[in-house]
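Notes follow the structure.
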Ligand SMILES: [Zn+2]
């Protein structure tokens, strides 16, 4: 593992050129402490014809998925302000999926801090995207940097779904053309028990997602029980945003196209 090497670069949150520390995305406590994962170059994925039968030959890394994208100070700022609330949110997702094996859930997540949860989710999108992202979307950064702020412009929406089947998704900012909703600018992050989609200038809802953007309206420190209606979606293909087809459906589609 290359963790001991020194990494310099622009911190995605404070914007300073500094030594960057290894930022776990999601945080270690959110089940990302000892993830073994396979790092496969994107070009290799694009050459694969049979995704489902494919065994990655990439390097196996241990110690949790993350990026050298934040300085030590910003890393611990997130740890101090948002991670505990996020951990509680994660526990709620794990709990419902452990107890029930269905595809659609309605449940109440007890004693949650929505504002901190949303800021943690956005900080993960910031951390996994390249540094142009922070410059292009300064209001996202401002929202994360100020724990009290409720100001997140309308152009940003955050959607969630439950997930416990398929691959992790760390899809950087991209443009997706969909048959029903048109063209969407988005970034997607999936790590069980949740997947998230952050959209830009997209003014609709997506049927199978829970829109959690309203978490921004709660006060800092406000603790509430959140009513959630949410689908559980599989993410079989790691680099295919908004694709929640089951393995069987993907195989059928592949066969149909032959
Ligand atoms: Zn920083």
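Numbering (this note's numbering), first residue to last: 32 to 289.
Glycine included, every Cβ here is placed at the ideal spot set by N, Cα and C.
- Burial check for residue 188: the Cβ neighbour count within 10 Å reaches 16 or more, so the residue is buried.
- Of the heavy atoms belonging to ligand 1, none sits nearer than 7 Å to the Cβ of residue 217.
- The shortest CA-to-CA distance from residue 107 to any of 128, 39 and 154 is the one to 154.
- Residue 48 is bridged by DSSP to 41.
- In this structure, DSSP gives residue 237 a state outside helix and strand, which the three-state scheme calls coil.
- Judged by their CB atoms, residue 261 and residue 241 are nearer to each other than the 8 Å cut-off.
- Counting other Cβ atoms within 10 Å of its Cβ, residue 194 reaches 16 or more and is therefore classed as buried.
- For residue 289, the number of other beta carbons within 10 angstroms of its own is below 16, and it is reported as exposed.
- Placement of the Cβ of residue 44 at a distance of less than 7 Å from at least one heavy atom of ligand 1 is found.
- In the structure shown, the three-state DSSP call for residue 157 is helix.
- Pairwise C-beta distances place the segment 144–151 in contact with the segment 243–263, as three or more of them are shorter than 8 Å.
- In the structure shown, residue 151 adopts helical secondary structure according to DSSP, grouped into three states.
- As DSSP reads the structure, residue 242 sits in a beta bridge with 190.
- Residue 105 places its beta carbon less than 8 Å from that of residue 44.
- Taking C-alpha positions only, residue 230 is separated from residue 247 by approximately 15 Å.
- In this structure, residue 97 keeps its C-beta atom at 8 Å or more from the C-beta atom of residue 144.
- For residue 109, the enclosing alpha helix (DSSP H) has its first and last residue at 103–112.
- Note on geometry: alpha-carbon atoms of residue 161 and residue 199 lie some 19 Å from one another.
- Exclusion of the five residues before and after residue 196 leaves 265 as the residues of its chain whose Cβ lies within less than 6 Å of its Cβ.
- Under the DSSP definition of a beta bridge, residue 216 partners with 206 and 231.
- For residue 101, the distance from the CB to the nearest heavy atom of ligand 1 is below 7 Å.
- Under the DSSP definition of a beta bridge, residue 199 lacks any partner.
- Counting along the chain, residue 135 sits inside the beta strand (DSSP E) bounded by residues 135–143.
- A direct Cα-to-Cα measurement between residue 224 and residue 134 gives close to 13 Å.
- Taking every protein chain shown into account, the CB of residue 214 has fewer than 16 other CB atoms within 10 angstroms, so this residue is exposed.
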